[in-house]
Amino acid sequence: MKHHAAVGHRMITDMVLLGGDRVSPVHAELRYYRKDPLAVQLRLSIGRSPTVLWVFSRDLLMTGLRRPSGVGDVRLCPTHDTMIIELRSVAGKAVLLAYLPDVASFLDHTVSFVPVGSETALDDIDGELIELGHA
Numbered sequence: 156m157k158h159h160a161a162v163g164h165r166m167i168t169d170m171v172l173l174g175g176d177r178v179s180p181v182h183a184e185l186r187y188y189r190k191d192p193l194a195v196q197l198r199l200s201i202g203r204s205p206t207v208l209w210v211f212s213r214d215l216l217m218t219g220l221r222r223p224s225g226v227g228d229v230r231l232c233p234t235h236d237t238m239i240i241e242l243r244s245v246a247g248k249a250v251l252l253a254y255l256p257d258v259a260s261f262l263d264h265t266v267s268f269v270p271v272g273s274e275t276a277l278d279d280i281d282g283e284l285i286e287l288g289h290a
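Throughout the sequence shown, residue numbering follows the working numbering, covering 156 to 290 in sequence.
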């Protein structure tokens, strides 16, 4: 098995779940992996509830730092120093408030692993097939 010095990046932060008259703290974890360079993962949990996982485009998150972005399941909107993250599914809708500098710092680290525009250059289909044959 190969070992890569920089396989990804993870940032743990707190977000706020907005809804009705209540505001709830949310444990949030942003993850990025070189093996899936176009995507970011957002893992969310409240208290002892099961973790909810969302996967969406790194480009969407980058655009969301500067202007409203997204259609459908994930929508982002920057404000002065926060980002509104709206997540929709058949089960309902969640609106989160994230600290914009945390998201920007996370994205800066992902770009240090995989620069924008070089995501597809990481594809090593032949190498992956060879590894599968030796597994």
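By construction, the Cβ of each residue, glycine as well, lies at the ideal position given by its N, Cα and C atoms.
Between the beta-carbon of ILE240 and that of LEU251 there is about 4 Å, and that keeps the pair under the 8 Å contact cut. Annotation for THR168: the continuous beta strand (DSSP E) segment containing it runs 163-174. In terms of CA proximity to ARG243, ARG230 leads the group HIS235, ARG230 and THR237. At a Cβ-Cβ threshold of 8 Å, ARG213 and THR265 count as neighbours. The beta carbons of GLN196 and VAL210 sit about 5 Å from each other, so the pair counts as a contact at 8 Å. Annotation: the continuous beta strand (DSSP E) that includes HIS182 extends over 177-188.
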